[in-house]
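Numbering-wise, UniProt numbering puts 45 at position 45 of the sequence shown, and it's gapless, one number per residue.
Presented below is the structure to which this report refers.
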Amino acid sequence: MVRDTTNFYAYRLQDAPPLEALPLLHSAEEFYTISLLQNAPRCRYLDSAQSGPEALLMFFHSRMPHIPCDARSGFFCMFKDSFLTPGMQENLHALPMFHLESTPAFPLLAQHERYLTNVFENITEALASDYTFRTELLQNYVFELFHYALKLQHHV
């Protein structure tokens with residue numbers, strides 16, 4: 001099944017348009033963001049500052065408070081619920097990183113950063129392609145990011 005990907009965006013942070021120019025931010029539909037923030041970013045979340053020695057993997061939802069970060073390099077992707085299949089949407093709402101009481105920041109070691117950089121590079125490459133099953137491939141990469149974070153959380 002081929003669907004359009006106008007409800008999914010991915011960028012390198014250094015190549016991204018200004019956030020206010022992204023159509024998802026002006027949509028009434030909820031959206032999600034996954035970011036790989038590199039070069040020891042500092043982010044403020046509620047009452048604490050989160051920083052990692054190498055990088056952070058961050059998850060945001062449009063209902064969550066905005067988290068200011070000073071990262072200048074890395075990647076991010078944004079997507080709407082409608083980007084995912086109904087079954088995936090159901091699973092998405094159960095993920096702890098999108099709950100308000102959870103911390104959406106995952107500090108990364110160098111090997112984690114390398115792995116996730118590769119996943120995000122695959123995402124940007126797939127998004128730029130005309131591959132027939134591009135949407136399905138992108139959905140799988142997004143869920144790979146979720147599962148990687150959950151495994152990190154489990155092993156901490």
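Even for Gly, the Cβ is constructed at its ideal location relative to N, Cα and C.
In this text, all values refer to a predicted model and were calculated from it rather than measured experimentally.
Between the C-alpha atoms of A110 and L127 there is a straight-line separation of about 26 Å. Pairing M78 with Y9 gives a Cβ-Cβ distance under 8 Å.
Y115 counts as exposed, since fewer than 16 other beta carbons sit within 10 angstroms of its beta carbon. For H61, the enclosing beta strand (DSSP E) stretches over residues A55 to H61.
Rounded to whole angstroms, the gap between the alpha carbons of P96 and L37 is 20 Å.
For R114, the enclosing alpha helix (DSSP H) stretches over residues A110 to A128. Leaving aside the five residues that flank Y141 on each side, the residues in its chain whose CB is nearer than 8 Å to its CB run, in chain order, V119, N122, I123 and A126.
The three-state secondary structure of F146, taken from DSSP, is helix. Taking 8 Å as the upper bound for CB-CB distance, F59 and N7 are not in contact here, some 18 Å apart.
For A94, the enclosing alpha helix (DSSP H) starts and ends at P86 to A94.
The residues F83, L84, T85 and M88, in chain order, have a CB closer than 8 Å to that of Q139 in the same chain once the five nearest residues on each side in sequence are set aside.
Within 10 angstroms of the beta-carbon of L100 lie fewer than 16 other beta-carbons, which makes it exposed. Distances from the alpha-carbon of S35 to those of D15, F133 and L57 put L57 closest. Residue burial annotation: E30 is exposed, with fewer than 16 other C-beta atoms found within 10 angstroms of its C-beta. By the neighbour-count criterion, in which 16 or more other beta carbons inside 10 Å mark a residue as buried, K151 falls on the exposed side.
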